[in-house]
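Here the sequence shown is numbered in our numbering, starting from 5 and rising by one per residue. For every residue, glycine included, the Cβ atom is placed at its ideal position computed from N, Cα and C. Being a predicted model, the structure only gives us computed values, none of them experimental. Notes follow once the structure below has been shown.
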Amino acid sequence: GQYWKEGGTGGAPSSGAGAGGVDFGQYANFEDFLNDLLGGQATTSRSQGGRTYTSRTARPSSGSGYAGYEDLPGSDVEGSVSLSMAEAFRGVRKRLRVGEESIEVRIPPGVREGSRVRIRGKGQPSPFGGQKGDLYLTMQIQPHPFFRLEEDNLVCEVPITPDEAVLGAKVDVPTPDGLVSVNIPPGTRSGQALRLRGKGWQKPDAERGDQIVRVQIVPPKDIDPVERDYYEKIRDNRTFNPRSGLQEVRL
5 GQYWKEGGTG
15 GAPSSGAGAG
25 GVDFGQYANF
35 EDFLNDLLGG
45 QATTSRSQGG
55 RTYTSRTARP
65 SSGSGYAGYE
75 DLPGSDVEGS
85 VSLSMAEAFR
95 GVRKRLRVGE
105 ESIEVRIPPG
115 VREGSRVRIR
125 GKGQPSPFGG
135 QKGDLYLTMQ
145 IQPHPFFRLE
155 EDNLVCEVPI
165 TPDEAVLGAK
175 VDVPTPDGLV
185 SVNIPPGTRS
195 GQALRLRGKG
205 WQKPDAERGD
215 QIVRVQIVPP
225 KDIDPVERDY
235 YEKIRDNRTF
245 NPRSGLQEVR
255 L
C-alpha cells in the first residue's frame, strides 16, 4: 500500500506511525520529512580542513510512497581526537568509545591540525534500515615545546653563543630521527635559517618535508672575570662596526 500521502487529501492520518515506526502525520509531504531527517536540507556541502564533503541522498523511485529510500544511510557524526605531535607524525591507533561501542581507529602518519579521518558505518542508524552513516574525526594536534609545523616543514630554534656565531661551530640539533650534527658557518646572524633536507613532516606520498633550524645568538648573562677580560679585549680591538651607516639616516 501507499505509506505516504499528501497532507490535505484526506488520506494521511493525523497521528500514528507508518512503516518502520515513522510518524508521517506531522509532515505535509515527503520532502518536509526528508528535510527534517537531514537537518533542514536535502543536500548540503560543507568544507572543513581544506576538503569538501557532500551529504548523501537517495533518489526517489518512480512509484508512490517512500519506496526507493530504504538505501538512504543514517546521518554522519562529527567528533574530534587529540594527538601529540609525535602521534600525528608517526601515526597511531586510538581506541575510542562511540555510543556503547568501543572501536579502534587507525590515524595515518602525517595528519595535520584540522584534517579529518572517516570511519565508515559508525554514524547514526538509518530509520529505513539502510546503512549507518559515517563518523568523521577532526584531528587536534597538541603544541610541541621545540618543534612547530609550517606547511611540510618542521621549524625549530637553536641557541648558539656569540663566539660560535663569529667563529663557527658544530652543534647537535634534535630531529624526529634523533640528534644530527649541524655546521654553524662563521659569521652566522641571529635569526638565520639552516635547512635539513628530508627531516621535516611526513607527507601522504611517503616523502618528507625539511626541518628549518633558526639560529638565535644568546649572550651570557653571567660571566666570570676571565671571560669579561677577553670580551673587553675584543671590544678594545674590534674593527667591525655594525652601525656604521646609521649616521647617514634621515627622516
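(message) Which residues does DSSP list as the beta-bridge partners of Ser-130?
(response) For the purposes of this step, residue 130 is identified with residue 126 of the sequence shown, where counting begins at 1. Partner(s): none; Ser-130 has no beta bridge.
(request) Can you give me the Cβ contacts of Cys-160 inside the same chain, cut-off strictly under 8 Å, excluding the 5 residues immediately before and after it? (result) Start at 1 with the first residue of the sequence shown, and residue 160 comes out as number 156. Phe-150, Phe-151, Arg-152, Val-177, Pro-178, Gln-215, Ile-216, Val-217 and Arg-218, listed in sequence order.
(request) Going by DSSP, name the residue or residues bridged to Arg-101. (result) Taking the first residue of the sequence shown as position 1, residue 101 is located at position 97. Paired residue(s): Ser-106.
(request) Note down, in chain order, each residue of its chain lying with its Cβ closer than 6 Å to the Cβ of Val-96, except the 5 sequence neighbours on either side. (result) The residue labelled residue 96 in the question sits at position 92 within the sequence shown. Within the same chain, Val-96 has close Cβ partners Ile-111.
(request) Counting only the same chain and skipping the five closest in sequence on each side, list residues whose C-beta sits under 6 Å from that of Gln-144. (result) Against the sequence shown, residue 144 aligns to sequence position 140. So the list reads Ser-84 and Ser-86, once near-sequence residues are dropped.
(message) Considering just the uninterrupted stretch of the alpha helix (DSSP H) at Leu-171, what are its terminal residues?
(response) Sequence index remark: in the sequence shown, residue 171 carries index 167 (1-based). Where Leu-171 is concerned, the enclosing alpha helix (DSSP H) stretches over 166-171.
(message) Beta-carbon within less than 7 Å of Arg-199's beta-carbon, same chain only, minus the 5 sequence neighbours each way: which residues are those?
(response) The residue labelled residue 199 in the question sits at position 195 within the sequence shown. For Arg-199, where only same-chain residues beyond five positions count, the Cβ hits under 7 Å are Asp-214 and Ile-216.
(request) Would you kindly check if the distance between the Cβ of Ala-92 and the Cβ of Gly-114 is under 9 Å? (result) For this step, residue 114 is matched to residue 110 along the sequence shown. For this step, residue 92 is matched to residue 88 along the sequence shown. Yes, the pair counts as a contact, with Cβ atoms nearer than the cut-off.
(request) Pick out whichever of Glu-105, Ser-79 and Glu-117 has its Cα sitting closest to the Cα of Ser-88. (result) As a working note, residue 88 is residue 84 in the sequence shown. Checked all of Glu-105, Ser-79 and Glu-117; the closest Cα to Ser-88 is Glu-117.
(request) Tell me where the alpha helix (DSSP H) around Asn-187 begins and ends. (result) Taking the first residue of the sequence shown as 1, we reach residue 187 at position 183. Asn-187 -> not in any alpha helix (DSSP H); beta strand (DSSP E) instead, spanning 182-188.
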